[in-house]
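Engineer: Encoded as structure tokens, here's the structure I'll be asking about.
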Amino acid sequence: MERFDYLIPAVRGRAEKGSGRLALPMELGVEYGGFASWCVTVFMDRTGRKPGGQDIILFLNRKEELAEEGYEITITKEKIQVSASTERGVVWALTTVALLLEEESVPCGTISDSPKYQHRGLSVDCARHFFPAAEIKKIIEEISLAKMNVLHWHLTDDQGWRIESRRFPGLQKMSGQYYSQEEIREVCEYARLRGVEIIPEVDMPGHVSALLAAYPQYSCGEKPVKIKTGGGIFPVILCAGKEAVFDFLKDLLMEVTGLFPGERFHLGGDEAPKTEWKKCPCCQAKMLELGLEDWEELQGYFMSRVSEILAGLGKTAVCWNETLCAANHPQKMQAQYWTLEQRKAMEPYALAGKEWIYSDMFELYLDYPYSMTNLKKVYETIPHLGEEDVSGKEGLLGMEGCLWSEHITKCEKLEKLLFPRIYALADNTWSGADKYEEFTSRLTQAIASPLHQGILYTSRDWWTPTGPERQQEAFAYMASLSANMSEEVKEETMDSSSASNEEFGRAFMTKFFQPEDIPILMGEMQK
Ligand code: ACM
Ligand code: ZN
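FYI, numbering that gives the first Met the number 0 numbers position 312 of the sequence shown as 311, with every residue one higher than the one before it.
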């Protein structure tokens, strides 16, 4: 096989190999054809080339009729011609050319390609555990090589606040490890050059223990809050009844949004228990004042107000699908679907053609071990709600894999969980290819490319584990989930009703386990 035959993601259009090769000079003349010069920077870095030299070898050509991220490449023995309608299209074309480079030359041929989905994302949780900026860049380079275009950066949670704020320095001071503003800007620029949009997430109104540890006055009870160490869902959240909370969030978001050039900003909205709101005179008064029907509507009001602040700052809010439980959810938002527990609100929204991203926890949560979510499952994931295949519905922007880090402390483990599963998602979202065996043979070749050096992979024998080893790993993971939860956390953690939700329980058993596991698991749970 030649490199032409094992691209990840697979070419979705046409790829025809010609005869002969083009020797790629170390200095490469470029005709930009009206494109910004930044779109060749990463190609030059990846191939060790420099723009310049006597002869023009690389011709960029604007072709407006091509899809947003689509591209065409023609390589002859004399030159490379790239057509695209956007700079990002050029970046993807040149990513392909860089992957084709072998022994200082590229094969002649033509490729015409464009993605199936516009949102091909990965979310990484850097709040539960902190991963250095260099590691985030390494991941961005890897996903960009697979033509994925979104890194959703989960930066705040109960266990940490990872953004340097000059306006509210208590935030990072309480958390210890954080990204400086300079590092954040550097990561965003690094991503932009690679065609990757950063969507930062500042989770609210729940998952805010780290914020409240620094500024407890923004909770309902205004009592001291401890930063958390274990995972869980914690009851003390931002108060929805005090104006001071929105004043604070406005100042905070004004500063934070300025660090991120992208148009989208994730506001979280997941797992926000209403325990404290129900006891709070300010929240109660707000409910009465607005004539709200229930506590979910108070969250609808909260998310709407903050999304309006964001709109004023030129950003669109992305929110987890719980946000849709209230009819007064933000008017203009994108929903990220992860849990079927609140699916009832998701369905009419998706069927109305509104914008959303598919991140079903049973299929695309990459913190679960390979024994529970194997490579094949990720590769074959088709967006669905209940039994209904919604992959072709208007409004579905694409898919995103999520890597939560409650149980991940080291970069090595982070990488092995991501790679190669994230390439399965890249293939799935770009080309929608559906031949798993063919994919794994392509993958084996592709990851041997020098461009992928330095990343740790789960080895091939564990991509889709079977036999007693699969069961052992899955059971050990389940045991570690409960063992790692301290008594304090168990007490404080809210029962998010998952145990009582039959559909969720059934899905958990059948999506993560095999039929033969279930009697053993049920036995364990009864102990
Ligand atoms: C989530 O997993 N709480 C979005
Ligand atoms: Zn309150």
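Note that beta-carbon positions come from the ideal geometry of N, C-alpha and C, so glycine has one too.
M173 and A209: beta carbons closer than 9 Å?
Structural biologist: If you number the sequence shown from 1, residue 173 lands on position 174. If you number the sequence shown from 1, residue 209 lands on position 210. Judged by beta-carbon spacing, A209 lies within the 9 Å limit of M173, meaning their Cβ atoms are closer than that value.
Engineer: What number of angstroms, rounded off, separates the C-alpha of G220 from the C-alpha of L287?
Structural biologist: Here the question's residue 220 lines up with position 221 in the sequence shown. Here the question's residue 287 lines up with position 288 in the sequence shown. Spanning the two alpha carbons is a distance of roughly 19 Å.
Engineer: Looking at E200: is its Cβ nearer than 9 Å to the Cβ of A132?
Structural biologist: Stepping through the sequence shown from its first residue, residue 200 is reached at position 201. Stepping through the sequence shown from its first residue, residue 132 is reached at position 133. For E200 and A132, no; Cβs fall outside 9 Å.
Engineer: If I measure Cβ to Cβ from K376 and keep anything under 7 Å in the same chain, skipping five residues before and after, which residues do I get?
Structural biologist: Within the sequence shown, residue 376 is the residue found at index 377, counting from 1. For K376, where only same-chain residues beyond five positions count, the Cβ hits under 7 Å are E362.
Engineer: Given a cut-off of 9 Å, decide if L424 and D530 are closer than it, judged by their beta-carbon atoms.
Structural biologist: Outside the shown range of the chain (0 to 526) lies residue 530, about which nothing can therefore be said.
Engineer: Ignore the nearest five residues each way along the sequence and tell me which others in K241's own chain have a CB closer than 7 Å to its CB.
Structural biologist: If you number the sequence shown from 1, residue 241 lands on position 242. Around K241: C281.
Engineer: Pick out whichever of Y422, A239, E292 has its Cα sitting closest to the Cα of W276.
Structural biologist: Along the sequence shown, read from residue 1 onward, the residue named residue 276 stands at position 277. For the residues Y422, A239, E292, the minimum Cα distance to W276 belongs to A239.
Engineer: Measure from the alpha carbon of F58 to the alpha carbon of each residue in H151, I517, T73, then state which is nearest.
Structural biologist: In the sequence shown, counting from the first residue as 1, residue 58 sits at position 59. Nearest C-alpha to F58: T73.
Engineer: Please work out which residues of its chain come closer than 6 Å, Cβ to Cβ, to P329, disregarding the five sequence neighbours upstream and downstream, and give them in chain order.
Structural biologist: Locating residue 329 in the sequence shown gives position 330, counting from the first residue. Only M302, S303, S306, A316 meet the Cβ criterion.
Engineer: Residue range of the alpha helix (DSSP H) that W276 falls in?
Structural biologist: What you label residue 276 is simply residue 277 of the sequence shown in a count that begins at 1. 274-278 is the span of the alpha helix (DSSP H), which, as asked, contains W276.
Engineer: Under 8 Å, with one C-beta from each stretch per pair, do the region 211-219 and the region 160-176 reach the 3-pair mark?
Structural biologist: yes
Engineer: Provide the residue span of the alpha helix (DSSP H) that contains R161, from first to last.
Structural biologist: Here residue 161 refers to the residue found at position 162 of the sequence shown. Neither: R161 is in no alpha helix (DSSP H) and is coded neither H nor E.
Engineer: Using the rule of at least 16 other Cβ atoms within 10 Å of the residue's Cβ for burial, across every protein chain shown, is L100 buried or exposed?
Structural biologist: Locating residue 100 in the sequence shown gives position 101, counting from the first residue. Buried, by the Cβ-count rule.
Engineer: Quick one: what's got a C-beta closer than 7 Å to W294's C-beta in the same chain, skipping five residues either side?
Structural biologist: Numbered from 1 along the sequence shown, position 295 holds the residue referred to as residue 294. So the list reads K273, W276, K277, once near-sequence residues are dropped.
Engineer: On a Cα-Cα basis, can you pick out the residue from Y31, C107, G88 that is closest to L21?
Structural biologist: Taking the first residue of the sequence shown as position 1, residue 21 is located at position 22. Ranked by Cα distance from L21, the first of Y31, C107, G88 is C107.
Engineer: Take D269 and list the residues in its own chain whose beta-carbon comes closer than 6 Å to its own, dropping the five residues that flank it on each side.
Structural biologist: Looking up residue 269 in the sequence shown gives position 270. Excluding sequence neighbours, D269 sits near W319, E321.
Engineer: Heavy atom of ligand 2 less than 8 Å from the Cβ of K241, yes or no?
Structural biologist: Here the question's residue 241 lines up with position 242 in the sequence shown. Yes, Cβ of K241 sits closer than 8 Å to a heavy atom of ligand 2.
Engineer: Mind checking who C528 pairs with in its DSSP beta bridge?
Structural biologist: Since the displayed the chain opens at 0 and closes at 526, residue 528 lies outside it and no answer follows.
Engineer: Taking only heavy atoms of ligand 2 into account, decide whether any of them is closer than 8 Å to the Cβ of L296.
Structural biologist: As a first step, residue 296 must be located in the sequence shown, where it is residue number 297. At residue 296 the sequence reads Glu, which differs from the Leu that was named. No, the Cβ of E296 stays beyond 8 Å of every heavy atom of ligand 2.
Engineer: Using a Cβ-based criterion (distance less than 8 Å to any ligand heavy atom), does T338 qualify as near ligand 1?
Structural biologist: As a working note, residue 338 is residue 339 in the sequence shown. Distances taken from the Cβ of T338 to the heavy atoms of ligand 1 include one shorter than 8 Å.
Engineer: Grab the span of the alpha helix (DSSP H) containing G88 for me, first residue to last.
Structural biologist: Position 89 of the sequence shown, counted from the first residue, corresponds to residue 88. Note, G88: alpha helix (DSSP H), 86-99.
Engineer: Given the structure, does M477 come close to ligand 1, in the sense that its CB is under 8 Å from one of the ligand's heavy atoms?
Structural biologist: Here residue 477 refers to the residue found at position 478 of the sequence shown. Every heavy atom of ligand 1 is 8 Å or more from the Cβ of M477, so no.
Engineer: On a CA-only basis, which of D359, G69, K76, I198 is nearest P114? Give me that one, please.
Structural biologist: As a position in the sequence shown, residue 114 is number 115, starting the count at 1. Its Cα nearest to that of P114, the residue G69 stands out among D359, G69, K76, I198.
Engineer: Quick check on DSSP: helix, strand or coil for W538?
Structural biologist: With the chain covering 0 to 526 only, the question about residue 538 has no answer from this structure.
Engineer: Here's a check: name, in chain order, each residue in its chain whose Cβ is nearer than 7 Å to the Cβ of E523, leaving out the five neighbours to either side.
Structural biologist: Counted from its first residue, the sequence shown places residue 523 at position 524. The answer is none, since no qualifying residue turns up.
Engineer: If distances are taken between C-alpha atoms only, which option among R48, A35, D44 comes closest to N60?
Structural biologist: Position 61 of the sequence shown, counted from the start, is the residue given in the question as residue 60. Comparing Cα positions, the closest option is A35.
Engineer: Check this for me: beta carbons of G394 and W429, under 9 Å apart or not?
Structural biologist: Taking the sequence shown and counting its residues from 1, one reaches residue 394 at position 395. Taking the sequence shown and counting its residues from 1, one reaches residue 429 at position 430. Cβ atoms of G394 and W429: not closer than 9 Å.
Engineer: Taking buried to mean at least 16 other C-beta atoms within 10 Å of its own C-beta, is M521 buried or exposed?
Structural biologist: Residue 521 sits at position 522 when you count from the first residue of the sequence shown. So M521 counts as exposed.
Engineer: Assign A325 to one of three DSSP states: helix, strand, or coil.
Structural biologist: As a working mapping, residue 325 is identified with position 326 in the sequence shown. In the structure shown, A325 adopts coil according to DSSP, grouped into three states.
Engineer: Where H206 and H128 are concerned, what is the direct C-alpha to C-alpha distance, given to the nearest angstrom?
Structural biologist: Residue numbering aside, residue 206 sits at position 207 when the sequence shown is read from its first letter. Residue numbering aside, residue 128 sits at position 129 when the sequence shown is read from its first letter. Whole-angstrom Cα-Cα distance: 14 Å.
Engineer: State the CB to CB distance for the pair R112 and R11, rounded to an integer number of angstroms; the pair is presumed to be in contact (CB under 8 Å).
Structural biologist: Locating residue 112 in the sequence shown gives position 113, where the first residue counts as 1. Locating residue 11 in the sequence shown gives position 12, where the first residue counts as 1. Here residue 112 turns out to be Asp, not Arg, going by the sequence shown. In this structure, D112 and R11 form a Cβ contact; the two beta carbons are roughly 6 Å apart against a cut-off of 8 Å.
Engineer: Sort M345, A271, A475, I308 by Cα distance to S370 and report the nearest one.
Structural biologist: Here the question's residue 370 lines up with position 371 in the sequence shown. Answer by Cα proximity: A475.
Engineer: If you drop the 5 nearest sequence neighbours on each side, which residues of the same chain put their C-beta closer than 6 Å to that of S390?
Structural biologist: Mapped onto the sequence shown, residue 390 falls at position 391. Cβ within range, chain order: I381, P382.
Engineer: Quick one: grab the DSSP three-state call for R61.
Structural biologist: Taking the sequence shown and counting its residues from 1, the one referred to as residue 61 is at position 62. Strand, per DSSP.
Engineer: For a quick check, are the C-beta atoms of L455 and V123 less than 9 Å apart?
Structural biologist: Your numbering for residue 455 matches position 456 in the sequence shown. Your numbering for residue 123 matches position 124 in the sequence shown. Going by C-beta atoms, L455 is not nearer than 9 Å to V123.
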